[in-house]
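Q:
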Amino acid sequence: MNKTELIDKIAAGAGLTKVDAKKALDATVAAIKEALVAGDKISLVGFGTFSVSERPAREGINPATKEKIKIAAKKVAKFKPGAELADAL
314 MNKTELIDKI AAGAGLTKVD AKKALDATVA AIKEALVAGD KISLVGFGTF SVSERPAREG
374 INPATKEKIK IAAKKVAKFK PGAELADAL
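Using the working numbering, read the sequence shown as starting at 314 and increasing by one per residue.
1. State the DSSP-derived secondary structure class of Leu329, mapped to helix, strand or coil.
2. State the start and end residues of the unbroken beta strand (DSSP E) segment that holds Leu357.
3. Can you tell me which of Val365, Glu318, Met314 puts its alpha carbon nearest to the alpha carbon of Lys387?
4. Using only the alpha-carbon positions, how far apart do Ala325 and Asp339 sit?
5. Does the beta-carbon of Ile382 have 16 or more other beta-carbons within 10 angstroms, so that it is buried, or is it exposed?
Below, the structure is given as structure tokens:
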């Protein structure tokens, strides 16, 4: 499912216009992104939890040259499904 299909489903399920459903989805995604950038955790009971995890720096190998390279530490977004979502899958 892509963003347009999700907007259609939200509009139909909530009785909204597609324009309003798009605004709601965009605002939700922006709020989640803003919270993650701030280092916060977002828990949606029954759905799941969005969080930020730090990956440490490590050594890797360049597959083209077989040289050892350093891979920088970075932050990544994580999602852990809630019990209801996990059971539904």
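Note that beta-carbon positions come from the ideal geometry of N, C-alpha and C, so glycine has one too.
Quick caveat, the model's predicted, so the values are computed rather than measured.
A: Answer, in terms of the structure:
1. Looking at Leu329 - three-state DSSP - the assignment turns out to be coil, as it is neither helix nor strand.
2. Annotation: the continuous beta strand (DSSP E) that includes Leu357 extends over 355-357.
3. Comparing Cα-Cα distances from Lys387 to each of Val365, Glu318, Met314, the minimum goes to Val365.
4. The straight-line gap from Cα to Cα measures roughly 17 angstroms.
5. It is exposed - the Cβ of Ile382 has fewer than 16 other Cβ atoms within 10 Å.
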